[in-house]
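The numbering used here puts the first residue of the sequence shown at 6, with every later residue one more than the last.
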Amino acid sequence: MRARLDEECVIKANSQFWEQMLAMTLDQTLVAEEFCVAAGHIRGSVDLSGEWKGRIEVRMASGLAYQATAAMMMQPIDTVGEADALDAAREIANMIAGTIKSSLPRPCSMAVPESVVESEGFRGQPRTEDSLAVAFRHAAGDLMVRVWEQECRQEQ
6 MRARLDEECV IKANSQFWEQ MLAMTLDQTL VAEEFCVAAG HIRGSVDLSG
56 EWKGRIEVRM ASGLAYQATA AMMMQPIDTV GEADALDAAR EIANMIAGTI
106 KSSLPRPCSM AVPESVVESE GFRGQPRTED SLAVAFRHAA GDLMVRVWEQ
156 ECRQEQ
């Protein structure tokens with residue numbers, strides 16, 4: 006990545022959301038390439054544009070998505086529906102991306118977040134020149150935060 010963005014920035018952004026907003030602790034896994042979620046997992050993503058263009062996405066096992074949604078709504082997990090979990094995934098992606106955005110070249114703006122229930126499983130991939138991924142583990146399921154850089158007009 007041309008932007009100076011490292012794993013610590015992603016870990017901090019993720020922890021800030023989960024711990025401060027939901028009082029949930031996720032542990033970082035050692036190797037993002039070992040991350041694996043089944044079909045039916047939930048992906049929330051936000052596109053960014055400006056001096057830095059790219060996408061920040063959050064993929065989480067459905068169990069974690071539903072538990073996080075229940076915590077956000079302050080309701081029992083058995084009252085959470087798919088639409089609620091998709092709304093929560095958009096908010097999770099938006100909050101984490103907003104924190105990461107503060108480390109990116111400015112000006113940089115965020116689009117409206119999107120979310121989807123994925124019909125296929127997903128496996129983590131090795132780090133590339135244009136991507137950074139950090140995986141986390143929770144008793145309710147695993148989560149990955151991935152940053153894809155399409156363009157960086159400023160070297161930091």
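Heads up, the beta-carbon is just placed ideally off N, CA and C, and yes, glycines get one too. Just so you know, these numbers come straight off a predicted model, no measurement behind them.
Which whole-angstrom value is the C-beta distance of residue i and residue j, which I expect to be below 8 Å?
i, j, result
"Glu38", "Gly129", "5 Å"
"Gly146", "Met65", "6 Å"
"Arg48", "Glu123", "6 Å"
"Val15", "Val150", "5 Å"
"Arg95", "Glu119", "7 Å"
Could you check what DSSP says for residue i in three-state terms: helix, strand or coil?
i, result
"Gly55", "strand"
"Ser114", "strand"
"Gln155", "strand"
"Gln20", "The sequence shown places Ser at residue 20, rather than the Gln named in the question. Correct three-state label for Ser20: helix."
"Arg15", "First, the amino acid is wrong: residue 15 is Val here, not Arg. Looking at Val15 - three-state DSSP - the assignment turns out to be helix."
Between residue i and residue j, what straight-line distance do the alpha-carbon atoms span, to the nearest angstrom?
i, j, result
"Ile97", "Leu91", "10 Å"
"Leu10", "Val139", "12 Å"
"Leu69", "Glu156", "32 Å"
"Asn99", "Val51", "6 Å"
"Thr30", "Pro131", "25 Å"
"Trp23", "Thr133", "26 Å"
Please identify the residue among the options whose C-alpha is closest to the C-alpha of residue i.
i, options, result
"Val117", "Gln80, Glu134, Gly103", "Gly103"
"Ala8", "Leu109, Gly86, Ala94, Trp23", "Leu109"
"Gly59", "Lys106, Ser20, Gly45, Lys17", "Lys106"
"Gln33", "Met26, Lys17, Val42", "Lys17"
"Ala28", "Met79, Trp57, Gly86", "Met79"
"Met115", "Ala44, Glu56, Met77", "Glu56"
"Thr74", "Glu87, Asn19, Gln21", "Glu87"
"Arg111", "Trp23, Ala44, Leu53", "Leu53"
"Val121", "Gln21, Ser20, Ala44, Gln72", "Ala44"
Taking the alpha helix (DSSP H) that residue i belongs to, which residues open and close that run?
i, result
"Leu91", "87–106"
"Ala70", "67–78"
Taking the continuous beta strand (DSSP E) assigned at residue i, which residues delimit it?
i, result
"Val139", "136–143"
"Val122", "119–122"
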